[in-house]
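**Q** Just so it is clear: in the sequence shown, position 48 is 48 by full-length UniProt numbering, and no numbers are missing.
Structure incoming, see below.
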Amino acid sequence: MPHCILRIALDTPLHAVFDYRWPCVETARPQVGHLALVPFGTREVVGIIVGVADDTDVPEEKLKDALAVRTQLAPLPAQWLALAGFAAEYYQRPLGEVALPGVPKNLRLPTTVALDRAIKKLAKLDPGHDPTPAGMPVLNPEQQQAADAIGAAQGFAPLLLYGVTGSGKTEVYLQACAQVLAREPDGQILVLVPEINLTPQLESNIRARFPGVMVATLHSSLAEGERMLHWLAAHQGQARIVLGTRLAILASLPHLKLIVIDEEHDPSYKQQEGLRYSARDLAVWRAWQLKIPVVLGSATPSLESWHHAQSGRYRKLELRERAVKQAVLPAVKLVNMEHDKPRDGLTTPLIDALKLRLERGEQSLLFLNRRGYAPVICCDSCGWVSDCQRCTAFMVLHKGEFKLRCHHCSLEMRIPRHCPTCGNIDLQPLGRGTQRIEEGLQAMFPEARILRIDADSTRRKGSAQEAFDTVHRGDVDILIGTQMVAKGHDFKKLTLVGILNPDTALFSQDYRASERLFAQLMQVAGRAGRTAQAEGGSASEVLVQTRYPEHPLYGAVVNHDYDRFAGALLAERGQAGLPPYLYQAMLRAEAPELAKALEFLQAARDCLQGEDIVEGITINDPIPMSMTRVYNVDRAQLLVESPSRPALQAFLKEWMARLREMKSRVKWSLEVDPVDI
């Protein structure tokens, strides 16, 4: 029987595809995009066929036979392979490392039992598709104009939907989706959200609006079997709306007609390990590739998107009013902690505001982006502090569990009964986390129903949604939360937001810190006053406790003035030569000793010096990372910059080839467009 050669991409760090022999005839040749099971070393692994040829350069004695081709599954479409290829080239990673993780794990098993079962299950589902929406509310003029602009957009059309919190961006998405589904009988829509805990509420809204449409969800909390079922529904075109977090951008959607990116400014869209991709940026590229509209929605757009809108690259759609009639933006007030000293972390104006809401049966939210009881414990006698033994970080006090825990390496230890250095038994907690604020509130308001929502209180699967449901039912008087509660949630009875300890971000070495703090404050402030004020009810307000009330950032928050704040930041970035006016890549190195990591980075910096390839490229000196040690590994970084994205990409391609030739035991990685410096 004649043989053909299958060129297969595998999930390995090697920048190569691998040739395998397969018996085939013209009428039954495997197709590009099919999954195939092949031997690789001592293992059997699944890869993706990226080419089919009649011959190979691999010697006959070294050529291995492919074991199976998964023909029961339709091949991954060419446009999906092109997306994976672009991501691999742009982020300087092997194709297999990009493409294979985008496929559910159960499809990469040596056996096809799970795949066959899922295909049969999907085949039994009702194939009917009725895009008729249910319960379409009347939009205000701004919303209607935005929805019509999205629904009527043709070809590649990047649209920035800039709307204040509570302006009804979700409703605009839904009505634009209705227009697209009515116009495109087989069309699919991808909706991205930044965090898993935002999916249940939006999924419920989508399913209620489109009862005759199959909806699939994709995020990392799904069980593997469930994820595969939803992925297959999208891949086969059965699911018309796919809702997910950043990994959903790599889903196979053969009939994609619209992409929506909610809270597009959120840094959670950037993967921080492995393939460090930006789902937002890949979504824009995917829309350009398919010549379809992409909507980027936010009350506080990223400076990159705002810059594109200002320059005309993106079309800006504005929602300046809240969607609910008589619902107005809350009044933001600054409380000077230098004049009003806090008690148990709360100032007198905030305590009085909490009392007023309790008397009127309204809800309050206290926002503190620091979980645990206290950030550190210390000894007043000798100055000992609870440092992590494996990281350059403090161990956080978790009082209820009687433990100290490092939030970076997860090291845990019992709280010492006395100082390990001098023996002093009077160890004191310093600072406040959400647990300590909760304890103080329970003592201050024993009759209040208090709920804390953070990563510690929502570890169990489904517990976060249960907690949010409790708030929505009105069974909570005071909610304490971290960034989990800051965006996307519509709390009907919430009229007060208190923001605790935001000042630390003002002194960060990261130039993006002020942009993120402003977005965070505006987002959490927007949880208040989203419904019309009831007669006799409290006016919605936000109290920000700060020691720096004169800081311009807080002035912009008080005035809800994103436009002026973003303009000032862009001017600063332009003068300083920072993104979005500059393009960056970060080379990071990890080693047991800091000197080894710095030595590698210096060698990496020198390997191309003096050659034409570095013209127009700035290679900065290697330095230790701000958190130098994590889990007994020292870390350093080297920043590369260029005013030209093509020039930077050309340099990185050549540079990575040189780095792979270097002999070193140092673990290194490259991040293109880093968001944390």
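We put the CB at the ideal spot given by N, CA and C, even for glycine.
DSSP state of L670, grouped into three classes?
**A** In the structure shown, L670 sits in a strand (DSSP, three-state: E or B).
**Q** As a quick exercise: from A248, Q72, L368, A519, pick the residue whose alpha carbon is nearest that of R497.
**A** One point to set straight first is that residue 497 is Val, not Arg, in the sequence displayed. Ranking A248, Q72, L368, A519 by Cα distance to V497 puts L368 first.
**Q** Using three-state DSSP, classify G498 as helix, strand or coil.
**A** Looking at G498 - three-state DSSP - the assignment turns out to be strand.
**Q** Kindly indicate if chain D contains any beta-carbon less than 8 Å away from that of Q545.
**A** Note that chain D does not occur in the displayed structure, where there is just one protein chain.
**Q** Three or more C-beta pairs closer than 8 Å, one from the stretch 569-587 and one from the stretch 313-321: is that the case here?
**A** No, the stretch 569-587 does not touch the stretch 313-321.
**Q** Per DSSP, what kind of secondary structure is A106 in: helix, strand or coil?
**A** This sequence places Asn at residue 106; Ala is not what is there. If DSSP states are grouped into helix, strand and coil, N106 belongs with the helices.
**Q** Can you name the start and end residues of the alpha helix (DSSP H) that L569 belongs to?
**A** Start and end: 562-576.
**Q** What did DSSP end up calling L218 once you bin it into helix, strand or coil?
**A** strand
**Q** What's the gap between the Cα of E412 and the Cα of F394?
**A** In a straight line, the C-alpha of E412 is about 12 Å away from that of F394.
**Q** By a C-beta neighbour count over all protein chains shown, 10 Å radius and 16 as the cutoff for buried, is A534 buried or exposed?
**A** The predicted position of A534 is uncertain, since its pLDDT is 42 and thus under 50; a value taken from the coordinates is nonetheless stated next. By the 10 Å Cβ count, A534 comes out exposed.
**Q** Helix or strand or just coil, what does DSSP make of C379?
**A** strand
**Q** Could you check how far apart the C-beta atoms of R658 and C607 are, in whole angstroms? I think they sit under 8 Å.
**A** 5 Å
**Q** Which value, in whole angstroms, describes the spacing of the CA atoms of L296 and I261?
**A** 5 Å
**Q** If you draw a straight line from the C-alpha of L35 to the C-alpha of G128, how long is it?
**A** 29 Å
**Q** Look at the Cβ atom of S167, then the Cβ atom of R322, and state whether they are nearer than 8 Å.
**A** Yes; because the gap between Cβ atoms is below 8 Å, this pair is in contact.
**Q** Within 10 angstroms of the Cβ of V544, are there 16 or more other Cβ atoms? Answer buried if so, exposed if not.
**A** buried
**Q** Taking all protein chains shown into account, do 16 or more other C-beta atoms lie within 10 angstroms of the C-beta of P94, making it buried, or fewer, making it exposed?
**A** buried
**Q** Residues in its own chain within less than 6 Å of T434 by CB, not counting five upstream and five downstream?
**A** Cβ within range, chain order: L368, R371, R452, D454, I480.
**Q** Secondary structure at P200, three-state DSSP: helix, strand or coil?
**A** helix
**Q** Helix, strand or coil, according to DSSP, for D387 in the structure here?
**A** strand
**Q** For I48, which of L6, A88, E671 has the nearest alpha-carbon?
**A** L6
**Q** With H, G and I counted as helix, E and B as strand and the rest as coil, what does DSSP make of G163?
**A** Three-state result, G163: strand.
**Q** Can P194 and V294 be called in contact, C-beta distance under 8 Å?
**A** no
**Q** Terminal residues of the continuous alpha helix (DSSP H) containing H235?
**A** 224-235
**Q** Let me know if D126 comes out buried or exposed under the rule of 16 or more other beta-carbons within 10 Å of its beta-carbon.
**A** exposed
**Q** Are the CB atoms of Q97 and P211 nearer to each other than 8 Å?
**A** In the sequence under discussion, the amino acid at residue 97 is Glu, which differs from the Gln named in the question. Contact flag unset, no.
**Q** Buried or exposed for E304, going by 16 or more other Cβ atoms inside 10 Å?
**A** buried
**Q** Answer with buried or exposed for V215, where buried requires no fewer than 16 other C-beta atoms within 10 angstroms of its C-beta.
**A** buried
**Q** How would you write the range of the alpha helix (DSSP H) that F468 sits in, first residue to last?
**A** 463-472
**Q** Give me the DSSP bridge partner(s) of T546.
**A** N336
**Q** At the level of alpha carbons, what is the spacing between A576 and I677?
**A** Distance between the alpha carbons of A576 and I677 is about 15 Å.
**Q** Quick check: the Cα distance between T71 and L122, rounded to an integer number of angstroms?
**A** Distance between the alpha carbons of T71 and L122 is about 17 Å.
**Q** Hey, out of A248, R240, Y554, L275, whose CA is closest to S221's CA?
**A** A248
**Q** Out of P30, L218, L256, which one is the CA nearest neighbour of V183?
**A** Sequence check: residue 183 is Arg here, not Val. Closest by alpha carbon: L256.
**Q** When burial is assigned at 16 or more other CB atoms within 10 Å of the CB, is S386 buried or exposed?
**A** buried
**Q** Just list the beta strand (DSSP E) runs in the stretch 581-645, keeping only unbroken ones of 3 residues or longer that don't cross its boundaries, in chain order.
**A** For the stretch 581-645, whole beta strand (DSSP E) runs of length 3 or above, ordered along the chain, are 583-591, 623-630, 633-642.
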